[in-house]
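Numbering (the numbering used here), first residue to last: 1479 to 1543. Single-structure report; data block below.
Here it is, written out as structure tokens:
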């Protein structure tokens, strides 16, 4: 049997994080790197939303912590 295109359950290797928690963490990383608060919020908005939409290659995995 092939794996479905969309999985509704995380696999054992995935970690599920609340969207607002991820947003705050990503924003903090940008601010710590010297990005202004407004720009950090915008980047976190875009990258977390991209993760939520399932395009992980362009989401928060691009943030180096």
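Cβ coordinates follow ideal geometry from the N, Cα and C atoms, glycine included. Keep in mind that this is a model prediction, so the values were computed, not measured.
Asked: Taking the straight line between their C-alpha atoms, what separation do you get for residue 1531 and residue 1513?; Found: 25 angstroms
Asked: To the nearest angstrom, how far is the alpha carbon of residue 1540 from that of residue 1522?; Found: 11 angstroms
Asked: Does the ligand COA have a heavy atom nearer than 6 angstroms to the CB of residue 1530?; Found: This structure lacks the ligand COA; in fact it carries no ligand of any kind.
Asked: Consult DSSP for residue 1531 and reduce its assignment to one of helix, strand or coil.; Found: coil
Asked: Return no unless some Cβ of chain D is closer than 7 angstroms to the Cβ of residue 1532.; Found: The structure shown contains no chain D, having only a single protein chain.
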